[in-house]
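Below is one structure, written out as structure tokens; the observations come after it.
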Amino acid sequence: MSGPRPVRAPRGTELSALGWQQEAALRMLQNNLDPEVAEHPDKLVVYGGTGKAARDWRSFDAMVRTLRTLKQDETMLVQSGRPVGVMQTHEWAPRVLIANSNLVGDWANWEEFRRLEALGLTMYGQMTAGSWIYIGTQGILQGTYETFSAVAAKKFGGTLAGTITLTAGLGGMGGAQPLAVTMNDGVAICIDVDPRAIERRIEHRFLDVRADSLEHALQLAVEARDARRPLSIGLLGNAAELLPRMLAESAPIDIVTDQTSAHDPLAYLPVGVDFADMASYAAKDPAGFTTRARESMARHVEAMVGFMDAGAEVFDYGNSIRGEAQLAGYERAFAFPGFVPAYIRPLFSEGRGPFRWAALSGEASDIAKTDKAILDLFPEGDSVQNESLHRWIKLAGERVRFQGLPARICWLGYGERDKAGERFNDMVASGELAAPLAIGRDHLDCGSVASPYRETEAMLDGSDAIADWPLLNAMVNVASGASWVSIHHGGGVGMGRSLHAGQVTVADGTKLAGEKIRRVLTNDPGMGVIRHVDAGYDIAESVADERGVRIPMREGE
């Protein structure tokens, strides 16, 4: 019988599928469940509390079996982590089409989702868990780095040196926070209820030390702050208890945010519940657990607002904790902004966002070569963005430990991703790289998501909840030749609160791959430009004018 077992993607150039497009999907699916990568691989959970790569082990085995026999003119259809069909298409079509967690509007809530999940009819795909392009904590690291860099530029003279950041959550997403802060030269106190999460982040070099107590954490933080020395400190405890206490004690905190799994109340530990009892309590009484979790989130958010009132820079990092606190009755839950409208929207407006690639060879040297290619393509002196890019690539090379297949992420914009992709494909063709690359991105991108509590919060024209854009994004990536394309619901912020799309395109060194890459990696970020032009952003209009992005509604003016 199919069941839990260690999963690891093959390395090297030997194919177990009928082509590299299929082999890439197979390896990235397996890589999502590598014990170095996934939070709970035995449960098929990759990150984000409950985000899965496959619905169940039987479905996982069927997908592996199908990918190994899939022809170059066939497409496997995946419905919420289960392969439901193979259709004859053509060589330009994606080899895999994925739809995860999608529910009709009135039914798009956690209660109905869990009922359907219990019947074995669906799964929660998060963003890159169910779309097979999660690369470990590095996958969110650069976006977090960029956010803290923007905080530094806005409030602290361009550096976090001499500041203390307080946050919580050290899972697959939140685990990027400590390193992102120290890469910006700051000090971070990072709270988590799970001792394993703290130890895992230390083991993977995302977190520096673990404090013995709150007093110890503050002592370490103040000493490092006063020395202007970067340091990240893990602290075991419940943020809903520790933040109010720290506020009452006037702890010297400059920045506050959060990346607990608040998007799903069953993944947030209520005050008064032991961590060891969390899973059984949530399974036995999900409604009661949810009520208590939301009440605890209200306490957590109330303390965040208190820090803001005391002068700290406070922002939501997109986990829906404000919305959950509001449901619990806390009226000032939205007193502080989300990170996108506060810091990131100008980048989205120019088609800039997370661009990632994984070396299917398993060779770290392939990433070192592509790092160099990125630095060569985008010279440091050409722009402020390139200076930041060079700093990031150098820091990542020095400080980021690979999880599973070696991979890299960096933020590139419209007119840049296609250049990088074509260069990578040429490097595969010439033999400079040992094997092909899987090129993708987070669903958290400039034109691929509708999420009123995160990526599309406070849009200029009020179009926060318009969900046509991720659907158009998915369709244009299918039409452009992506290797696999996904449409998900609920990632990042929970059921009923987001729709989003992803794509992965394989650089296998062929002429056909080069043509696909040119189109996909132009049109995909191009969606970010046109989405923000349509919403009235001047930056997007300038980019469209300068780079020849056609906007029909402006052509007759």
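The sequence shown begins at 1 in full-length UniProt numbering and counts up one residue at a time.
All C-beta atoms in this analysis are idealised placements derived from N, C-alpha and C, irrespective of residue type, glycine included.
Subject >> Beta-carbon gap between glycine 490 and tyrosine 124 smaller than 8 Å >> reply: Yes, they are a contact pair.
**OP:** Mark methionine 87 as exposed unless 16 or more other C-beta atoms lie within 10 angstroms of its C-beta, in which case mark it buried.
**Re:** Looking at its Cβ environment, which holds fewer than 16 other Cβ atoms inside 10 Å, methionine 87 is exposed.
Original post:
Is lysine 419 helix, strand or coil by DSSP?
Top reply: DSSP places lysine 419 in helix when its eight states are reduced to three.
**OP:** Could you tell me whether the Cβ atoms of phenylalanine 315 and phenylalanine 348 are closer together than 8 Å?
**Re:** No.
**OP:** Take leucine 220 as the anchor and find which of Asn238, Asn32, Pro252, Ala197 has the nearest alpha-carbon.
**Re:** Comparing alpha carbon positions, the residue from Asn238, Asn32, Pro252, Ala197 closest to leucine 220 is Pro252.
Original post:
Where does the unbroken alpha helix (DSSP H) through valine 37 begin, and where does it stop?
Top reply: Note, valine 37: premise wrong, no alpha helix (DSSP H); not H, not E.
**OP:** Could you round the C-beta distance between proline 83 and threonine 66 to whole angstroms and report it? I think they count as a contact, below 8 Å.
**Re:** Indeed they touch by this definition, with Cβ atoms about 5 Å apart.
**OP:** Quick one: measure Cβ to Cβ for asparagine 473 and glycine 447, integer angstroms, because I've assumed they're closer than 8 Å.
**Re:** Between asparagine 473 and glycine 447, the beta carbon gap of about 6 Å places them in contact (Cβ cut-off 8 Å).
**OP:** State the beta-bridge partners of alanine 168 as determined by DSSP.
**Re:** According to DSSP, alanine 168 bridges with Ile191.
Original post:
Which value, in whole angstroms, describes the spacing of the CA atoms of alanine 211 and leucine 247?
Top reply: Alanine 211 and leucine 247: Cα-Cα distance of roughly 19 Å.
**OP:** Indicate whether valine 98 and alanine 407 have their beta-carbon atoms separated by less than 8 Å.
**Re:** Residue identity check: residue 98 is isoleucine in the sequence provided, not valine. Not a contact, by the Cβ cut-off of 8 Å.
Original post:
Given glycine 528, which residues of its chain have a CB within under 6 Å of its CB, disregarding the five upstream and five downstream residues?
Top reply: Cβ within range, chain order: Phe348, Gly351, Cys446, Gly447.
Original post:
Helix, strand or coil: which one does DSSP assign to methionine 324?
Top reply: In the sequence under discussion, the amino acid at residue 324 is glutamate, which differs from the methionine named in the question. Helix, per DSSP.
Original post:
In the DSSP assignment, what residue or residues form a beta bridge with phenylalanine 355?
Top reply: Cys410, per the DSSP bridge assignment.
Subject >> Pair within 8 Å by beta-carbon distance, histidine 500 and serine 451 >> reply: It is a contact, given that the beta carbons lie within the stated cut-off.
Original post:
What residues match up with methionine 87 in a beta bridge as DSSP calls it?
Top reply: The partner list for methionine 87 (beta bridge, DSSP) reads Thr75.
**OP:** Provide the residue(s) that pair with alanine 450 in DSSP beta bridges, ordered along the chain.
**Re:** Here alanine 450 is bridged, per DSSP, to Leu499.
Original post:
CB-CB under 6 Å to alanine 239, same chain, minus the five flanking residues each way: which ones, in chain order?
Top reply: The answer, listed in chain order, is Ala168, Ile191, His300.
Original post:
Taking buried to mean at least 16 other C-beta atoms within 10 Å of its own C-beta, is serine 486 buried or exposed?
Top reply: Burial check for serine 486: the Cβ neighbour count within 10 Å reaches 16 or more, so the residue is buried.
Original post:
How is valine 493 classed by DSSP in three states: helix, strand or coil?
Top reply: Three-state result, valine 493: coil.
Original post:
Looking only at C-alpha atoms, which of Ile233, Leu218, Met63 sits nearest to serine 250?
Top reply: Closest by alpha carbon: Leu218.
Original post:
Looking at the structure shown, is isoleucine 551 part of a helix, part of a strand, or coil, going by DSSP?
Top reply: Taken through DSSP and simplified to helix, strand or coil, isoleucine 551 comes out as coil.
Original post:
Which residues does DSSP pair with tryptophan 484 in a beta bridge?
Top reply: DSSP output for tryptophan 484 lists Val96, Val504 as bridge partner(s).
**OP:** Note down, in chain order, each residue of its chain lying with its Cβ closer than 6 Å to the Cβ of asparagine 102, except the 5 sequence neighbours on either side.
**Re:** Correct list, in chain order: His489.
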